[in-house]
Every structure is written in C-alpha cells, then in structure tokens.
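Here's the structure, in structure tokens; my notes come after.
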Amino acid sequence: MDPAFMLSSIKPVSLGKSFTGAALSCPRTLPRALWTMEKYSLDKYTKMSTPPESPPPGPSKPSAQWVSFTDSLKEKFSPFRGKSTKVMANYSQSALTVSSTPFFLIQGKVSTMPPFKGDPDTTINRNYMQDADRYMAQCITMQYKMTAAPLGVYNVQCTEGTIRGQAEDARNLALSTSFRMKQRTVSQKFADYTETRRKALIGAHGCTYEEKLLAKFPISARAYVRSGAEAKSTCTRYANGATAAEKYMAACVDKQSMSRLVPTGVYGVTCNDGNTKQVAEYKRVQALAAKFRANQQPSLVKESIKFESAKYARDYFGHLCSYEESLFNSFPAVAASMRPSISY
1 MDPAFMLSSI
11 KPVSLGKSFT
21 GAALSCPRTL
31 PRALWTMEKY
41 SLDKYTKMST
51 PPESPPPGPS
61 KPSAQWVSFT
71 DSLKEKFSPF
81 RGKSTKVMAN
91 YSQSALTVSS
101 TPFFLIQGKV
111 STMPPFKGDP
121 DTTINRNYMQ
131 DADRYMAQCI
141 TMQYKMTAAP
151 LGVYNVQCTE
161 GTIRGQAEDA
171 RNLALSTSFR
181 MKQRTVSQKF
191 ADYTETRRKA
201 LIGAHGCTYE
211 EKLLAKFPIS
221 ARAYVRSGAE
231 AKSTCTRYAN
241 GATAAEKYMA
251 ACVDKQSMSR
261 LVPTGVYGVT
271 CNDGNTKQVA
281 EYKRVQALAA
291 KFRANQQPSL
301 VKESIKFESA
311 KYARDYFGHL
321 CSYEESLFNS
331 FPAVAASMRP
341 SISY
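First residue of the sequence shown? That's 1 in full-length UniProt numbering, and the numbers climb one at a time after it.
Shown next, in the form of structure tokens:
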C-alpha cells in the first residue's frame with residue numbers, strides 16, 4: 001500500500017465530551033538508509049572474533065625470598081624503629097665460649113636456620129675438633145665391635161643377609177640411611193642431638209671426664225649410645241618372648257614406639273627399608289632370620305641378653321618407678337622393645 005495514502009487517512013481522535021485533546025502526531029517517514037541491507041552487516045562480529053591485543057610485558061617481579069630479605073633490612077635499619085622489648089638472657093657469650101660447650105650455638109641455630117640446613121655435628125667451632133670427634137667415634141665403634149666379637153670371628157648376630165648379594169644391599173642401605181638422616185629438619189636434628197647426649201651422660205656411669213667428652217663431641221656421643229646398645233644386644237631383633245603374654249606386651253610396646261615416631265601416619269625420610277624393589281621384603285626376611293639366629297645362641301649368651309635388656313630399660317626408661325622396673329625384670333622382651341624415641 002502506498003505510504004502517502006496511509007498518511008492522508010489518519011484523522012484526529014476525540015477523547016470525550018469533558019476534554020477535547022489535540023490530534024495525535026503522525027508517524028515519521030523511515031530514513032532511507034534503513035530500507036537497505038546495511039543494518040544486516042556482519043562487521044560488528046569482526047571485532048568479536050579478533051583476539052584482544054595483549055598488553056606489553058611489564059618489569060619482572062622480585063621473588064618472595066628477595067622481598068622478605070629487603071623487608072628485613074628495612075625493618076632492621078629503619079630510623080623510626082622503636083626500642084626492642086625483648087628480654088635478653090642472663091648469660092654472656094664469652095662465658096659460654098670459655099666453658100667449651102656448644103650451648104650458645106644451639107640457641108642461635110634452632111631458631112634462625114632454615115630446614116634441611118645445618119647439623120648438630122657442626123656445633124663445634126673448630127674444624128680440627130670435628131675431625132677429632134669423628135676419629136673418636138670410629139674408635140668407640142671399633143671397641144664395641146671387639147666386645148661383640150672378641151675372638152675376631154663374627155657370630156650369628158653379625159650376619160647381614162641370608163642369600164648372596166644382601167651384604168651389598170646392607171652396605172647401600174647404610175649409606176642411604178646416612179644420607180637421609182641429613183635431610184631432617186633442624187628441630188629434629190637438635191632434638192635427637194640433645195636426647196642422644198642425655199643417654200650418653202646416663203651411660204657414663206657418673207664419670208666427670210667422660211661426661212665432658214660426650215657433652216662436647218656429639219658424634220662420639222651418638223657412637224657411644226648406638227654401639228653400646230648393639231654390642232649388648234639390647235634390641236627388639238634379639239628379644240624373643242617366652243610366653244604369649246610377654247610376646248603380646250612386647251608387640252604393644254613396639255606399636256606405641258612406632259606411633260610416637262610417626263604420629264601423622266606418614267613415614268618420613270628416615271623410615272625407609274630400601275632403595276630398590278624387593279629390598280623391603282629382604283629386610284623383613286632378614287629381621288625374621290635375626291630372631292631365629294638369636295634362638296640358636298648358647299644359654300649363657302641368652303641370659304646375658306636378658307640381663308642387659310632389663311638393665312638398659314631400667315636405666316633409660318624406668319623413671320625410678322618400681323612397678324616399671326619389676327616389669328622390665330620379669331619380661332626381658334618388653335625391656336628390649338623400649339626403643340628410644342630418637343633416630344641416632
């Protein structure tokens with residue numbers, strides 16, 4: 001229909017008797033540009049499909065360690081820093097240095113050193129003293145080996161495997177264990193250090209000279225405790241309960257010790273029975289073989305092991321409790337299961 005005809009036929013509309021409104025405005029003619037296909041152009045989708053331009057790369061951000069380091073410098077050398085409210089200890093560094101004890105070194109290292117750094121063996125302030133400490137530890141280990149095998153012939157206790165090649169696996173395991181012990185945190189290292197030194201002082205039999213040496217040389221103290229316990233066979237590997245009740249009590253003590261060593265249920269780097277496949281199974285068979293060989297020893301050796309196990313438990317874990325001491329004396333397997341809470 002012709003648009004001109006439609007526009008001419010529109011009439012004014014009356015809204016009633018009381019009010020007469022003005023005529024409605026007529027619709028305007030559409031612009032000619034909208035009658036074409038320009039309004040259906042796809043140019044608007046072109047920008048949508050084009051990826052936006054990435055901004056130019058800015059300056060690199062400093063690492064978190066560098067930011068922490070610079071913040072510590074700002075805090076340390078800030079002119080507006082207030083007076084420190086920390087209470088200083090009532091001992092001097094010179095007094096501790098003169099006493100030749102690594103106590104003041106421990107106080108600084110435990111709180112400031114990051115994990116996996118530092119070692120209690122380095123608390124001695126002179127390098128040649130560390131070499132002397134290692135030499136003394138080797139001498140202590142050699143003396144206890146001579147005690148375990150006085151005739152120079154290893155007994156059934158000193159067997160590192162049951163089949164060919166397990167002796168080499170035992171050597172590799174000892175090397176890997178020594179490496180894993182260095183991966184502990186600083187707090188774990190110094191906790192083991194103080195606990196080992198405490199046990200070494202207990203085993204010094206009240207000798208002032210031995211106590212000074214063991215307190216000053218941590219490697220020697222570790223060798224003193226570990227080698228002494230191994231030479232006397234005060235270990236769960238050589239403890240066999242005589243009755244079902246004794247075996248059950250020893251198993252319960254062993255379970256509690258493992259729960260204390262691994263409170264979260266996840267074994268750490270020190271709880272590793274092997275570094276290749278099937279080594280863990282070999283270690284399990286080796287532990288069973290050690291128990292079997294312990295039963296093959298003479299009666300005198302068995303009674304000596306029972307006596308030393310009870311004495312070891314009374315000295316280190318009895319806490320002067322008569323009830324616990326009576327249990328250790330009555331059940332040697334339970335006494336041998338009282339493993340220390342440290343990883344020497």
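Note that CB positions come from ideal geometry on N, CA and C, so glycine has one too.
Three or more C-beta pairs below 8 Å linking the segment 255 to 267 and the segment 219 to 229: no
Cβ neighbours of E210 in the same chain (closer than 7 Å, five flanking residues each side left out): Working through the sequence shown from its first residue, we reach residue 210 at position 210. These residues qualify, in order along the chain: A204.
The segment 290 to 300 touching the segment 237 to 253, judged by at least three CB pairs closer than 8 Å: Yes, since at least three Cβ pairs between the segment 290 to 300 and the segment 237 to 253 fall closer than 8 Å, the two stretches touch.
Option in E325, Y323, L213 with minimal Cα separation from G136: For the purposes of this step, residue 136 is taken as the residue at position 136 of the sequence shown. In the sequence on display, residue 136 carries Met and not Gly. Cα-wise, what sits closest to M136 is L213.
Alpha helix (DSSP H) segments (min. 4 residues) lying fully within the segment 274 to 315: Within the segment 274 to 315, the complete alpha helix (DSSP H) runs of at least 4 residues are 279 to 295.
N-terminal and C-terminal residue of the alpha helix (DSSP H) that L173 is part of: Taking the first residue of the sequence shown as position 1, residue 173 is located at position 173. 166 to 181 is the span of the alpha helix (DSSP H), which, as asked, contains L173.
When S233, A242, E195 are compared against I219, the one with the closest alpha-carbon: Numbered from 1 along the sequence shown, position 219 holds the residue referred to as residue 219. Cα-wise, what sits closest to I219 is E195.
R237 - containing alpha helix (DSSP H), residue span: Counting from one through the sequence shown, the residue named residue 237 turns up at place 237. Run containing R237: none; DSSP gives neither H nor E here.
Cβ-Cβ distance between A221 and R197 below 9 Å: Looking up residue 221 in the sequence shown gives position 221. Looking up residue 197 in the sequence shown gives position 197. Contact: yes.
CA nearest to the CA of K277, picked from M249, Y154, L173: Within the sequence shown, residue 277 is the residue found at index 277, counting from 1. When each option's Cα is compared against that of K277, the closest is L173.
Y193: first and last residue of the uninterrupted alpha helix (DSSP H) it sits in: In the sequence shown, counting from the first residue as 1, residue 193 sits at position 193. From DSSP, the alpha helix (DSSP H) with Y193 extends over 186 to 202.
Where L214 sits in the DSSP three-state scheme: In the sequence shown, residue 214 corresponds to position 214, counting from 1. Three-state DSSP puts L214 in a helix.
Alpha carbon of S326 to alpha carbon of A245, nearest angstrom: Here residue 326 refers to the residue found at position 326 of the sequence shown. Here residue 245 refers to the residue found at position 245 of the sequence shown. When rounded, the distance between both Cα atoms is 15 Å.
Inter-residue spacing [alpha-carbon to alpha-carbon] between R260 and I140: Working through the sequence shown from its first residue, we reach residue 260 at position 260. Working through the sequence shown from its first residue, we reach residue 140 at position 140. Cα to Cα, the separation comes out at about 29 Å.
Neighbourhood of K247 by C-beta, 6 Å cutoff - its chain only, sequence neighbours within 5 removed: Position 247 of the sequence shown holds residue 247. The residues are G241.
Cβ distance (whole Å) where Y316 is taken to contact K199 below 8 Å: The count along the sequence shown starts at 1 and reaches residue 316 at position 316. The count along the sequence shown starts at 1 and reaches residue 199 at position 199. Indeed, because the Cβ distance is near 6 Å, the residues count as touching under 8 Å.
Cβ-Cβ distance between P332 and S299 below 9 Å: Locating residue 332 in the sequence shown gives position 332, counting from the first residue. Locating residue 299 in the sequence shown gives position 299, counting from the first residue. Not closer than 9 Å, so no.
Backbone CA spacing between V225 and C321 [nearest angstrom]: In the sequence shown, counting from the first residue as 1, residue 225 sits at position 225. In the sequence shown, counting from the first residue as 1, residue 321 sits at position 321. Answer to the nearest angstrom: the Cα atoms are 23 Å apart.
S337, DSSP secondary structure in three states: One-based indexing of the sequence shown puts residue 337 at position 337. Reduced to three states, the DSSP call for S337 is coil.
Integer-rounded CB distance, given that D169 should sit under 8 Å from V279: For the purposes of this step, residue 279 is taken as residue 279 along the sequence shown, with counting starting at 1. For the purposes of this step, residue 169 is taken as residue 169 along the sequence shown, with counting starting at 1. With 8 Å as the limit, V279 and D169 qualify as a contact, their Cβ atoms being about 6 Å apart.
Residue ranges of each alpha helix (DSSP H) within the segment 241 to 270, 4 or longer: Runs found: 244 to 261.
Where the alpha helix (DSSP H) through F328 begins and ends: Working through the sequence shown from its first residue, we reach residue 328 at position 328. Per DSSP, F328 belongs to the alpha helix (DSSP H) from 322 to 330.
C-beta atoms of R314 and A336 nearer than 9 Å: As a position in the sequence shown, residue 314 is number 314, starting the count at 1. As a position in the sequence shown, residue 336 is number 336, starting the count at 1. Contact: no.
Under the three-state DSSP convention, the category L73 falls into: Walking along the sequence shown from the start, residue 73 turns up at place 73. Helix at L73.
C207 (DSSP reduced to helix, strand or coil): Working through the sequence shown from its first residue, we reach residue 207 at position 207. It is coil, neither helix nor strand.
Nearest neighbour of R134, chosen from F217, M338, L175, Y312 [CA to CA]: As a first step, residue 134 must be located in the sequence shown, where it is residue number 134. Taking only the C-alpha atoms, the option nearest R134 is F217.
For T264 and Y312, believed in contact at Cβ under 8 Å, the rounded distance: Mapped onto the sequence shown, residue 312 falls at position 312. Mapped onto the sequence shown, residue 264 falls at position 264. In fact, because the Cβ distance is near 29 Å, the residues do not count as touching under 8 Å.
Rounded C-alpha distance that separates I163 from Y282: Sequence index remark: in the sequence shown, residue 163 carries index 163 (1-based). Sequence index remark: in the sequence shown, residue 282 carries index 282 (1-based). The straight-line gap separating the alpha-carbon atoms of I163 and Y282 is approximately 9 Å.
For E220, the three-state DSSP class (helix, strand or coil): As a position in the sequence shown, residue 220 is number 220, starting the count at 1. The displayed chain sequence assigns Ser, not Glu, to residue 220. It is helical.
Spatial distance of K306 from V266 (CA atoms): Here residue 306 corresponds to residue number 306 of the sequence shown, with the count starting at 1. Here residue 266 corresponds to residue number 266 of the sequence shown, with the count starting at 1. So the alpha carbons of these two residues sit roughly 33 Å apart.
Assigned exposure category for Y323 - 16 Cβ within 10 Å defines buried: Here residue 323 corresponds to residue number 323 of the sequence shown, with the count starting at 1. So Y323 ends up on the exposed side.
Pick from M338, S187, S176 that is closest to G318, judged by C-alpha positions: If you number the sequence shown from 1, residue 318 lands on position 318. The closest CA to that of G318, considering only M338, S187, S176, is found on M338.
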